[in-house]
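Residue numbers (the numbering used here): 1 to 266.
For each residue, glycine too, the CB sits at the ideal point set by N, CA and C.
Here is the structure we will look at.
Here you go:
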């Protein structure tokens with residue numbers, strides 16, 4: 001199956017994030033901003049193009065490929081300026097986002113496998129609103145040059161699989177594993193957002209045990225017990241290092257986490 005499409009989007013800014021600061025009150029104080037420009041955040045308008053293909057390769061095995069392009073005017077972005085985890089919205093006068101996505105999955109009886117990979121590039125030029133939150137040197141550089149957005153990650157991939165033991169019984173045991181890979185979000189280099197943080201990869205395991213009519217109660221259908229281990233090898237990795245346009249603090253990924261749960265169907 002082949003598909004192609006075009007959309008025209010109108011996206012208002014998140015109103016709870018649009019600042020209404022009177023900068024003149026801080027002139028002459030230790031909290032005076034480096035620039036007094038504070039144009040109101042605008043709505044974003046986009047041209048969005050998408051095309052792709054989906055194909056069945058073998059019984060139970062499917063694959064798809066998709067490509068997209070977004071051309072934006074007054075592209076909205078959000079940043080954390082300062083230590084508090086409070087986001088502020090601002091606009092790039094122009095924005096370009098494009099990428100490719102490849103996906104495949106296979107299912108046969110108790111076995112299920114999947115894999116996904118994507119390449120993306122998100123760029124912006126000329127910050128035109130909420131300028132007081134920015135470094136003046138960054139504003140001057142971005143005014144006439146394209147830069148990567150802070151959340152631009154070039155490569156992202158995931159893969160996983162599961163197998164159900166005792167598949168044809170009333171108490172199957174499903175074991176699954178998954179992997180997530182990222183090439184890293186942006187950070188400041190010689191230019192704003194000019195480099196990326198180190199790559200990372202995490203692995204997860206899951207065990208789900210199902211029971212049919214465990215408690216022999218008519219209205220209780222199926223009981224499931226589960227155990228999940230996230231970041232199996234306890235990999236320490238950085239999502240952001242605290243630098244970059246709109247990045248105010250470092251952030252780290254989740255350390256090894258063990259979760260248990262029970263669910264009951266009626």
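{"Query": "Suppose the cutoff is 6 Å on Cβ atoms and the five residues either side in sequence are ignored; what does the same chain contact list for residue 180 look like?", "Result": "158, 202"}
{"Query": "Please report the residue range of the alpha helix (DSSP H) in which residue 140 lies.", "Result": "136-143"}
{"Query": "First and last residue of the beta strand (DSSP E) that includes residue 94?", "Result": "87-108"}
{"Query": "Return helix, strand or coil for residue 25, following the three-state DSSP convention.", "Result": "helix"}
{"Query": "With a 10 Å radius around its C-beta and 16 neighbouring C-beta atoms as the bar for buried, classify residue 111 as buried or exposed.", "Result": "exposed"}
{"Query": "Terminal residues of the continuous beta strand (DSSP E) containing residue 257?", "Result": "257-265"}
{"Query": "Distance check for residue 236 and residue 205, CA to CA, integer angstroms please.", "Result": "17 Å"}
{"Query": "Measuring alpha carbon to alpha carbon, tell me which residue in 207, 69, 241 is nearest residue 161.", "Result": "207"}
{"Query": "When you compare the CB positions of residue 154 and residue 121, do they come within less than 8 Å of one another, or not?", "Result": "yes"}
{"Query": "Would you say residue 35 and residue 131 are within 8 Å of each other, going by their C-beta atoms?", "Result": "yes"}
{"Query": "Between which two residues does the beta strand (DSSP E) harbouring residue 212 extend?", "Result": "200-212"}
{"Query": "Roughly how far, in whole angstroms, is the beta-carbon of residue 81 from the beta-carbon of residue 248, given that I think they are within contact range, below 8 Å?", "Result": "5 Å"}
{"Query": "Do residue 4 and residue 51 have their CB atoms nearer than 8 Å?", "Result": "yes"}
{"Query": "On the premise that residue 90 lies in contact with residue 53, defined as a C-beta separation below 8 Å, what is that separation, rounded to the nearest angstrom?", "Result": "At roughly 37 Å, the Cβ-Cβ gap does not stay under 8 Å, so residue 53 and residue 90 are not in contact."}
{"Query": "Where does the unbroken beta strand (DSSP E) through residue 160 begin, and where does it stop?", "Result": "155-165"}
{"Query": "DSSP state of residue 131, grouped into three classes?", "Result": "helix"}
{"Query": "Considering just the uninterrupted stretch of the beta strand (DSSP E) at residue 47, what are its terminal residues?", "Result": "44-58"}
{"Query": "For the candidate residues 74, 65, 68, 26, whose alpha-carbon lies nearest to that of residue 268?", "Result": "Any answer about residue 268 is impossible in this case: the structure gives the chain only from 1 up to 266."}
{"Query": "Using only CA atoms, which one of 165, 55, 7 lies nearest to residue 211?", "Result": "165"}
{"Query": "What is the rounded straight-line gap between the Cα of residue 48 and the Cα of residue 66?", "Result": "13 Å"}
{"Query": "What does a CB cutoff of less than 6 Å around residue 259 pick up in its chain, not counting 5 residues either side in sequence?", "Result": "228"}
{"Query": "Just verifying my parser: in three-state terms, what is the DSSP assignment at residue 233?", "Result": "coil"}
{"Query": "If you reduce the DSSP assignment to three classes, tell me which class residue 289 lands in.", "Result": "Missing from the structure shown is residue 289; the chain here goes from 1 to 266 and no further."}
{"Query": "How many whole angstroms separate the CB atoms of residue 257 and residue 230, which I take to be in contact at a CB cut-off of 8 Å?", "Result": "4 Å"}
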